[in-house]
Amino acid sequence: GATIGILGGGQLGRMLSIAAARLGLRCHVYDPLANPPAGDVAHAVTTAGYDDTEALRLFADSVDVVTFEFENIPLEAVAVLEALRPVRPGARALEMSQDRLTEKDFLAGLGLATAPYRAVDTLEELEAALAEIGTPAILKTRRMGYDGKGQVRIMAPEEAPQAFAALAGAPGLLEGFVAFEREVSVIAARALDGSVTCYDPGENVHRDGILHTTTLPASLGRGRGTDAVLLAGRILNALDYVGVMGVELFVTASGLVVNEIAPRVHNSGHWTIEACVIDQFAQHIRAVAGWPLGDGSRHSDAVMTNLIGDEAGDWARYAADPATGLHLYGKAEARPGRKMGHVTRISPRR
Ligand code: ATP
Ligand code: MG
Ligand code: MG
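Everything in the sequence shown is counted per the UniProt record's numbering, starting at 8 for the first residue and increasing by one.
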């Protein structure tokens, strides 16, 4: 069988490695940190920085195709790898999604609705942007933010100086606050031959900026559900994308607004492990290995709940529920806000 190279060895890399193993494929994980969660299941692990060109070349030589579980891989590292092996999805999706400004410009360029946004590099630019967009608004760092980190809500124009100070000099993006009814996400996949398949939209609830639950089915009319899936397909086709992508959406009275995209398997797609024959991890491995996509249709209703920090200490309670799929990521230290595992409870499709 072929070997898949995975950049990043967190829980997503771990679940990708498990899916690959089921298909008789091997995984070689590359991560700057020693003992990553994926290391328990991968065939090989390289511990080296993304600036270590020699380690990157040896890694590429040992695999047939490279993918990633993390979108903040330095583009220079991807360029080194791309010269030696196919990288799927490619550098284009990665580059676009590493900066919230280029991502919003790309989405708006496709004619999709986004929150109103302005790039802000100075306090004066922030004040001018607030005057145009109004409050409430959210100031976000353009790069490296996740789980709501690097974001400040601005309720009134007077809060501009303290919000700007919170950016600590990093380039920012001001977004108008979208008064959404609910949040949903679409996990979409595109194969090498251009075929696209989407999982049913899931409804997401966040707590302290971190995904808390994903529920299937989402409370979304049939028309909106179709809109969501078509919109995701347009994004993947525009990027000539290969692999799985997570598309986060706000549902508003006037239609769907794209929040952000993630060029990788996504936390809000973990429910597919229990509720679909081919889950998002198997689907991603199929796509990057050049295999045909599987059927992503859903046979069950599902609620996925993340186990954050100490919550994973309750694992015995979940293990005692026969209808709950329990996933623990093998992380030694349960720091606050850290994703330690998740559970998915399924029930017959209504
Ligand atoms: P992730 O871990 O999903 O990558 P992130 O740090 O990139 O998170 P966002 O997805 O941009 O953060 O925002 C986190 C949450 O904050 C959103 O899911 C939504 O609940 C809320 N939020 C973000 N931007 C807006 C907005 N413009 N209007 C209303 N709510 C927003
Ligand atoms: Mg994000
Ligand atoms: Mg998000």
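C-beta atoms are modelled at their ideal positions from N, C-alpha and C, and glycine is treated no differently.
Please confirm if residue 40 has its CB atom under 7 Å from at least one CB of chain D.
Included in the structure is just one protein chain, with no chain D present.
Helix, strand or coil for residue 142? Go by DSSP, reduced to three states.
The count along the sequence shown starts at 1 and reaches residue 142 at position 135. Coil, per DSSP.
Could you give the distance in angstroms between the alpha-carbon of residue 168 and the alpha-carbon of residue 47?
Along the sequence shown, one-based indexing puts residue 168 at 161. Along the sequence shown, one-based indexing puts residue 47 at 40. Their backbone Cα atoms lie some 46 Å apart in a straight line.
Considering only the alpha carbon of each residue, which of 61, 20 and 176 lies closest to residue 127?
To locate residue 127, count along the sequence shown from 1; it is residue 120. Selection 61, 20 and 176 evaluated against residue 127 yields 176 as nearest (Cα-Cα).
Taking the beta carbon of residue 279 as the centre, do at least 16 other beta carbons fall within 10 Å, making it buried, or is it exposed?
Along the sequence shown, one-based indexing puts residue 279 at 272. Per the 10 Å Cβ criterion, buried.
Can you name, in chain order, every residue of its own chain whose Cβ lies under 6 Å from the Cβ of residue 255, other than the five neighbours on each side?
Along the sequence shown, read from residue 1 onward, the residue named residue 255 stands at position 248. Contacts found: 192, 266 and 267.
Residue 182 CB to nearest heavy atom of ligand 3 below 6 Å:
To locate residue 182, count along the sequence shown from 1; it is residue 175. Residue 182: no, Cβ never under 6 Å from ligand 3.
Three or more beta-carbon pairs under 8 Å between the segment 296 to 308 and the segment 201 to 214, yes or no?
Two segments are said to touch when three or more pairs of C-beta atoms, one from each, lie closer than 8 Å; by this definition the segment 296 to 308 touches the segment 201 to 214.
So residue 105 is in the beta strand (DSSP E); what residue range does that whole segment cover?
The residue labelled residue 105 in the question sits at position 98 within the sequence shown. Segment: none, residue 105 is in no beta strand (DSSP E) and carries neither H nor E.
Compute every distance between the C-beta of residue 153 and the non-hydrogen atoms of ligand 2, then say whether any falls below 6 Å.
The count along the sequence shown starts at 1 and reaches residue 153 at position 146. The answer is yes for residue 153.
So does residue 80 have its beta carbon nearer than 6 Å to some heavy atom of ligand 5?
Looking at this structure, you won't find ligand 5 anywhere; what it does contain is ligand 1, ligand 2 and ligand 3.
So, under 8 Å CB-CB, residue 33 and residue 10 are touching, yes? Tell me the CB distance rounded to an integer number of Å.
Here residue 33 is taken as the residue at index 26 of the sequence shown, counted from 1. Here residue 10 is taken as the residue at index 3 of the sequence shown, counted from 1. Taking a contact as a CB-CB distance under 8 Å, the pair residue 33 and residue 10 counts as one, their CB atoms being some 4 Å apart.
How close, in whole Å, do the beta carbons of residue 181 and residue 125 come, if the pair is a contact with beta carbons under 8 Å?
As a position in the sequence shown, residue 181 is number 174, starting the count at 1. As a position in the sequence shown, residue 125 is number 118, starting the count at 1. Sure, about 5 Å apart at Cβ, within 8 Å.
Inter-residue spacing [alpha-carbon to alpha-carbon] between residue 23 and residue 49:
Numbered from its first residue, the sequence shown carries residue 23 at position 16. Numbered from its first residue, the sequence shown carries residue 49 at position 42. In a straight line, the C-alpha of residue 23 is about 9 Å away from that of residue 49.
Using 10 angstroms around the beta-carbon of residue 129, count the other beta-carbons present and answer buried if the total reaches 16, otherwise exposed.
Numbered from its first residue, the sequence shown carries residue 129 at position 122. Residue 129 comes out exposed.
DSSP puts residue 308 in a beta bridge; with which residues?
In the sequence shown, counting from the first residue as 1, residue 308 sits at position 301. 354.
Just reading off the alpha helix (DSSP H) that residue 325 is part of, what are its end residues?
Taking the sequence shown and counting its residues from 1, the one referred to as residue 325 is at position 318. Taken as a continuous stretch (DSSP letters only), the alpha helix (DSSP H) holding residue 325 covers 322 to 326.
If you draw a straight line from the alpha carbon of residue 144 to that of residue 281, how long is it in whole angstroms?
By 1-based counting over the sequence shown, the position of residue 144 is 137. By 1-based counting over the sequence shown, the position of residue 281 is 274. Approximately 37 Å, taken between the alpha carbons.
Check whether the Cβ atoms of residue 88 and residue 73 sit closer than 7 Å, and answer yes or no.
For this step, residue 88 is matched to residue 81 along the sequence shown. For this step, residue 73 is matched to residue 66 along the sequence shown. Less than 7 Å separates the beta-carbon of residue 88 from that of residue 73.
By Cβ distance, which residues of its chain are closer than 7 Å to residue 201, with the 5 residues on each side in sequence left out?
In the sequence shown, the residue the question calls residue 201 occupies position 194. There are no such residues.
Nearest residue (CA-CA) to residue 79, options 227, 316, 152 and 349
Counting from one through the sequence shown, the residue named residue 79 turns up at place 72. Distance check between residue 79 and each of 227, 316, 152 and 349 places 152 closest, using alpha-carbon atoms only.
Given 8 Å, three or more beta-carbon pairs between the segment 241 to 251 and the segment 283 to 300
By the criterion of at least three beta-carbon pairs nearer than 8 Å, the segment 241 to 251 is in contact with the segment 283 to 300.
Just to check, is the beta-carbon of residue 267 closer than 6 Å to a non-hydrogen atom of ligand 3?
Your numbering for residue 267 matches position 260 in the sequence shown. Yes, the beta carbon of residue 267 sits closer than 6 Å to at least one heavy atom of ligand 3.
Any idea what DSSP makes of residue 317, helix, strand or coil?
For the purposes of this step, residue 317 is identified with residue 310 of the sequence shown, where counting begins at 1. Helix, per DSSP.
Per the contact definition of three or more C-beta pairs closer than 8 Å, is the segment 221 to 241 in contact with the segment 315 to 324?
Taking one beta carbon from each stretch, the segment 315 to 324 and the segment 221 to 241 have fewer than 3 pairs nearer than 8 Å; the two do not touch.
Cβ-heavy atom distance between residue 318 and ligand 3 below 6 Å?
For the purposes of this step, residue 318 is identified with residue 311 of the sequence shown, where counting begins at 1. No, the beta carbon of residue 318 sits no closer than 6 Å to any heavy atom of ligand 3.
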